[in-house]
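Peer 1: Residue numbers (my numbering): 4 to 275. Here a beta-carbon is modelled for each residue, glycine too, at the ideal position from N, C-alpha and C. Shown below is the structure under consideration.
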């Protein structure tokens, strides 16, 4: 995999902890995690930026940012011809009630493989750009596309801790193998291991299949699995339908409580 990564000794980004959220299987709760975790961190008094890097723009649409109606999106960051100190001022949309700032996606992100084909250091674009705003936030969450490509590479290179949502379903385990292959390849290119932790999602305690998958994950990666488990909760769908986050719908529901627990776990993990 040629990703244009030339900085083999990148240290931790000063300022914000950058959390890419990725899985090469769709429908595992990736966008829900990005938005709900972002809102949970805000409730714990953290300054948060959520960046939608998925060309499908699910997070953007969820938050009522419709790419076709926006003049500036994250696409501008990747297509910038050189350093533009004020680019973040254009693409960051301040908190609209969710508690976090937001950078919307654009469908043309899917064309970046061609647009950046011959660009030197193309795997470091996001990492370098984030340096300009890192000091303004405690956490920056990256909602990644569900496939290997230049955007996912940029997110993993820039990230401090990769969060892998895994639906507690046997078919979802295949996607885990795919992203682990990507992690190993990039770790070799970077000369450092990519830190990651898995998050069990869409869990239904009543279903024996869910219990079995959670048991497998716990045994296979005891030190790489968050203790927090995200259950099925209809409040997630209600929040999406209303362009809100789950804390706006019902802060006392199980889904909200579980993402708040995850946020606390991440903060404790980063401070340990």
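#1: Between the Cα of residue 263 and those of 172, 44, 22, spot the shortest distance and give me the residue it belongs to.
#2: Return the chain-ordered list of same chain residues with a C-beta closer than 6 Å to the C-beta of residue 181, the five sequence neighbours on each side being excluded.
#3: Mind checking residue 261: buried by the 16 CB within 10 Å criterion, or exposed?
#4: Looking at the unbroken beta strand (DSSP E) that takes in residue 146, where does it start and where does it end?
#5: In the structure shown, what three-state DSSP assignment does residue 132 receive?
#6: Among the residues of its own chain, which have a CB less than 6 Å from the CB of residue 258, if the five just before and after it don't count?
#7: Please say whether residue 144 and residue 47 have beta carbons closer to each other than 8 Å?
#8: Give the straight-line distance between the Cα atoms of residue 162 and residue 195, rounded to the nearest whole angstrom.
#9: On the DSSP bridge assignment, give the partners of residue 206 in chain order.
#10: Is there contact between the segment 100–118 and the segment 149–169, where contact requires at least three CB pairs shorter than 8 Å?
#11: I think residue 175 touches residue 166, with their Cβ atoms under 8 Å apart; what is that distance to the nearest whole Å?
#12: List the endpoints of the continuous beta strand (DSSP E) containing residue 169.
#13: Can you tell me whether residue 81 is buried or exposed, with buried defined as 16 or more other CB within 10 angstroms of its CB?
#14: Following the continuous alpha helix (DSSP H) through residue 45, name the residue where it begins and the one where it ends.
#15: Go ahead and pull the three-state DSSP assignment for residue 183.
#16: Are the Cβ atoms of residue 146 and residue 54 separated by less than 8 Å?
#17: Excluding the 5 residues preceding and the 5 following residue 30 in the sequence, name in chain order all residues of the same chain whose CB lies nearer than 8 Å to its CB.
#18: Excluding five sequence neighbours on each side, which residues of the same chain lie with their C-beta closer than 8 Å to the C-beta of residue 278?
#19: Use the C-beta contact count for residue 266: other C-beta atoms within 10 angstroms, 16 or more gives buried, fewer gives exposed.
#20: Enumerate in chain order the residues of its own chain whose CB-to-CB distance from residue 106 is below 6 Å, with the five nearest sequence positions on each side excluded.
Peer 2: In short:
#1: Checked all of 172, 44, 22; the closest Cα to residue 263 is 44.
#2: Within its own chain, the residues whose Cβ lies closer than 6 Å to the Cβ of residue 181, once the five positions on either side in sequence are excluded, are 27, listed in chain order.
#3: So residue 261 counts as buried.
#4: First-last of the beta strand (DSSP E) with residue 146: 142–146.
#5: Of the three classes helix, strand and coil, the one that applies to residue 132 here is helix, per DSSP.
#6: Only residues of its own chain outside the window of five on either side were considered, and among them 236, 238, 239, 249 have a CB closer than 6 Å to the CB of residue 258, listed in chain order.
#7: Judged by beta-carbon spacing, residue 144 lies beyond the 8 Å limit of residue 47, meaning their Cβ atoms are not closer than that value.
#8: Whole-angstrom Cα-Cα distance: 12 Å.
#9: Answer is 234.
#10: A contact exists between the segment 100–118 and the segment 149–169.
#11: Incorrect: roughly 15 Å between the Cβ atoms, too far for contact.
#12: Looking at the DSSP string, the run of the beta strand (DSSP E) that includes residue 169 is 165–170.
#13: Burial call: buried.
#14: Here the alpha helix (DSSP H) through residue 45 covers 33–46.
#15: The answer is helix: DSSP assigns residue 183 an H, G or I state.
#16: Result yes, Cβ atoms of residue 146 and residue 54 sit closer than 8 Å.
#17: Around residue 30, the same chain offers 170 as residues with beta carbons nearer than 8 Å, after the five sequence neighbours per side are excluded.
#18: Since the displayed the chain opens at 4 and closes at 275, residue 278 lies outside it and no answer follows.
#19: It is buried - the Cβ of residue 266 has at least 16 other Cβ atoms within 10 Å.
#20: Once the five neighbours on either side are set aside, the close Cβ partners of residue 106 are 54, 77, 94, 95.
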